[in-house]
Amino acid sequence: MRAAVVVFPGINRDRDMVRALEQVTGTKPYTVWHTDTEIPPVDLIVLPGGFSYGDYLRCGAIAARSPVMGEIARQAARGVPVLGICNGFQILTETGLLPGVLMRNAGLRFACRKVRLSIENNHTFLTRRMSPGAVVTCPVAHGEGNYFADPETLARLEGEGQVVFRYAKHTNPNGSINDIAGIVNASGNVVGMMPHPENMIEPLHGSSDCRVLFEGLAA
Amino acid sequence: MKARVTITLKSGVLDPQGKAIEGALTGLGFSGVEDVRQGKYIELDLAETDREQAEQTVKAMCDRLLANTVIENYRIDIA
Chain A
1 MRAAVVVFPG INRDRDMVRA LEQVTGTKPY TVWHTDTEIP PVDLIVLPGG
51 FSYGDYLRCG AIAARSPVMG EIARQAARGV PVLGICNGFQ ILTETGLLPG
101 VLMRNAGLRF ACRKVRLSIE NNHTFLTRRM SPGAVVTCPV AHGEGNYFAD
151 PETLARLEGE GQVVFRYAKH TNPNGSINDI AGIVNASGNV VGMMPHPENM
201 IEPLHGSSDC RVLFEGLAA
Chain B
1001 MKARVTITLK SGVLDPQGKA IEGALTGLGF SGVEDVRQGK YIELDLAETD
1051 REQAEQTVKA MCDRLLANTV IENYRIDIA
């Protein structure tokens, strides 16, 4: 399993992601710069977390228009799995690869804590080692993770099983509609999530609850 | 030409920043503030001299970058 991790200016979780992927899959991922217009053939493209372009204009808005995104859209259309974490999720919604938008947290506070995530869809490339309804502990660290979509989009996401992760009861850190923490596109190969599973995979992290997600990637 | 773009949240979209401003205004003793919505204002200096062309270009800029039309409306004033 060879992955590519995309780096935009202001991204800061790229090395955590590289380490997590290398640890679990045994292969060091490529890192791809935002101005690159080609990505070598890979089994997975990851947009990691951080604060691309300082969250100027809207979080993810400027990164979403960078040269590499055209190539990511082409690879996604060919069925290559794409995973966006945190700012990566925001970038994917800004490009339109995923529906909806991530807004300022309802409580206006930056949320940096552990949440409980329930697995709502275990048929994605990320969750295939999980059982449906399983709950894992996972850290979040964001100021704009409040997922919003218009009622028709939301009904489609819920009806088609496109909600992949939901914050477990009473742990929604941001006011996200229907407690949505992560979604998948209609074709099933683009996943975006606000929490940071790459920071919960080894004993040093306090728990390795999310390692099983990366093991799903490696499968 | 100068283009002024005003970006506002669509009605029905929760605006926690507007709510916080509303709370702070009430806290300062300004009574009767029934709702606050926060938006963005962007000024562009354009080389274009044709008003209609400028408006079209700025509209494309709004649709492609300046606004997220899932949650935002925009208004363009050309001067």
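Which chain is which? The protein sequence lines are A and B, in order.
Position 122 of the first sequence, counting from 1, maps to 122 under our numbering, and the rest follow consecutively.
One gets our numbering by counting positions in the second sequence from 1 and adding 1000 to each.
All C-beta atoms in this analysis are idealised placements derived from N, C-alpha and C, irrespective of residue type, glycine included.
Proximity to residue i [Cα-Cα], best of the options
{"i": "residue 10 of chain A", "options": "A/20, A/50 and A/30", "result": "A/50"}
{"i": "residue 165 of chain A", "options": "A/151, A/143 and A/130", "result": "A/130"}
{"i": "residue 32 of chain A", "options": "A/24, A/17, A/25 and A/26", "result": "A/17"}
{"i": "residue 195 of chain A", "options": "A/87, A/64, A/62 and A/169", "result": "A/87"}
{"i": "residue 1 of chain A", "options": "A/13, A/21 and A/15", "result": "A/21"}
{"i": "residue 1070 of chain B", "options": "A/169, A/57 and A/149", "result": "A/149"}
{"i": "residue 217 of chain A", "options": "A/101, A/104, A/128 and A/53", "result": "A/128"}
{"i": "residue 112 of chain A", "options": "A/54, A/143, A/77 and A/213", "result": "A/143"}
{"i": "residue 42 of chain A", "options": "A/19, A/177, A/178 and A/71", "result": "A/71"}
{"i": "residue 1068 of chain B", "options": "B/1002, B/1001 and B/1006", "result": "B/1006"}
{"i": "residue 213 of chain A", "options": "A/24, A/97 and A/63", "result": "A/24"}
{"i": "residue 121 of chain A", "options": "A/89, A/170 and A/193", "result": "A/193"}
{"i": "residue 14 of chain A", "options": "A/204, A/83, A/170 and A/107", "result": "A/83"}
{"i": "residue 147 of chain A", "options": "A/104, A/136 and A/204", "result": "A/104"}
CA-to-CA distance, residue j to residue i, given in whole angstroms
{"i": "residue 156 of chain A", "j": "residue 138 of chain A", "result": "26 Å"}
{"i": "residue 1049 of chain B", "j": "residue 1060 of chain B", "result": "17 Å"}
{"i": "residue 191 of chain A", "j": "residue 183 of chain A", "result": "6 Å"}
{"i": "residue 201 of chain A", "j": "residue 6 of chain A", "result": "21 Å"}
{"i": "residue 39 of chain A", "j": "residue 132 of chain A", "result": "33 Å"}
{"i": "residue 1055 of chain B", "j": "residue 1031 of chain B", "result": "39 Å"}
{"i": "residue 175 of chain A", "j": "residue 1019 of chain B", "result": "14 Å"}
{"i": "residue 141 of chain A", "j": "residue 59 of chain A", "result": "14 Å"}
{"i": "residue 1012 of chain B", "j": "residue 99 of chain A", "result": "18 Å"}
{"i": "residue 75 of chain A", "j": "residue 52 of chain A", "result": "22 Å"}
{"i": "residue 1017 of chain B", "j": "residue 1010 of chain B", "result": "14 Å"}
{"i": "residue 1040 of chain B", "j": "residue 1024 of chain B", "result": "19 Å"}
{"i": "residue 215 of chain A", "j": "residue 91 of chain A", "result": "25 Å"}
{"i": "residue 1008 of chain B", "j": "residue 1075 of chain B", "result": "8 Å"}
{"i": "residue 29 of chain A", "j": "residue 61 of chain A", "result": "25 Å"}
{"i": "residue 173 of chain A", "j": "residue 197 of chain A", "result": "16 Å"}
{"i": "residue 1029 of chain B", "j": "residue 1038 of chain B", "result": "20 Å"}
{"i": "residue 117 of chain A", "j": "residue 1065 of chain B", "result": "32 Å"}
{"i": "residue 170 of chain A", "j": "residue 152 of chain A", "result": "25 Å"}
{"i": "residue 107 of chain A", "j": "residue 12 of chain A", "result": "24 Å"}
{"i": "residue 154 of chain A", "j": "residue 163 of chain A", "result": "9 Å"}
{"i": "residue 73 of chain A", "j": "residue 135 of chain A", "result": "31 Å"}
{"i": "residue 210 of chain A", "j": "residue 199 of chain A", "result": "8 Å"}
Within chain A, the residues that residue i reaches when beta carbons sit closer than 7 Å
{"i": "residue 1065 of chain B", "result": "61 and 65"}
{"i": "residue 1003 of chain B", "result": "Correct list: empty, because the minimum Cβ distance to chain A is about 16 Å."}
{"i": "residue 1028 of chain B", "result": "Per Cβ cutoff of 7 Å: no residues; residue 1028 of chain B is ~18 Å from chain A at best."}
Same chain, Cβ closer than 6 Å to residue i, neighbours up to 5 away in sequence not counted
{"i": "residue 1004 of chain B", "result": "1043 and 1077"}
{"i": "residue 81 of chain A", "result": "44, 125 and 189"}
{"i": "residue 67 of chain A", "result": "35 and 37"}
{"i": "residue 1022 of chain B", "result": "1033 and 1036"}
{"i": "residue 208 of chain A", "result": "201 and 202"}
{"i": "residue 167 of chain A", "result": "115, 179 and 181"}
{"i": "residue 47 of chain A", "result": "6, 84, 88 and 91"}
{"i": "residue 1062 of chain B", "result": "1074"}
Proximal chain B residues relative to residue i, where beta-carbon distance stays under 8 Å
{"i": "residue 101 of chain A", "result": "1068, 1070 and 1071"}
{"i": "residue 94 of chain A", "result": "1068"}
{"i": "residue 8 of chain A", "result": "By Cβ distance, chain B contributes nothing, its closest Cβ being about 15 Å from residue 8 of chain A, past 8 Å."}
{"i": "residue 108 of chain A", "result": "1016, 1017 and 1020"}
Own chain partners of residue i with C-beta closer than 8 Å, once the 5 adjacent residues on each side are dropped
{"i": "residue 187 of chain A", "result": "79"}
{"i": "residue 123 of chain A", "result": "161 and 188"}
{"i": "residue 1057 of chain B", "result": "1046 and 1048"}
{"i": "residue 27 of chain A", "result": "1, 2, 3 and 21"}
{"i": "residue 1002 of chain B", "result": "1043, 1044, 1045, 1046, 1078 and 1079"}
heavy atom of the ligand SAH below 7 Å from residue i C-beta
{"i": "residue 166 of chain A", "result": "By its list of ligands, the structure shown contains no ligand whatsoever, and the ligand SAH lies outside what it can speak to."}
Cβ-based neighbour list, residue i, same chain, cut-off 7 Å, excluding 5 preceding and 5 following
{"i": "residue 69 of chain A", "result": "95"}
{"i": "residue 1015 of chain B", "result": "1009, 1037 and 1038"}
{"i": "residue 1026 of chain B", "result": "1033"}
{"i": "residue 101 of chain A", "result": "93 and 148"}
Under 9 Å by beta carbon: chain B residues contacting residue i
{"i": "residue 156 of chain A", "result": "Neighbours of residue 156 of chain A on chain B: none; closest Cβ ~14 Å, over 9 Å."}
Neighbouring residues, chain A, relative to residue i (Cβ below 8 Å)
{"i": "residue 1013 of chain B", "result": "103 and 148"}
Partners in chain B for residue i, counting only beta-carbon separations shorter than 7 Å
{"i": "residue 58 of chain A", "result": "1068"}
Inset, instruction - Please list the segments of the beta strand (DSSP E) lying wholly inside the segment 71-159 of chain A, counting only runs of 3 or more residues, in order along the chain. - result: Whole beta strand (DSSP E) segments, 3+ residues: 82-85, 101-103, 111-119, 135-142 and 146-148.
Inset, instruction - Run through the segment 4-76 of chain A for me and flag every whole beta strand (DSSP E) of 3 or more residues, listed as ranges in chain order. - result: 30-33 and 44-47
Legend entry - Ranges of the beta strand (DSSP E) found wholly within the segment 1018-1044 of chain B, counting only runs of at least 3: none
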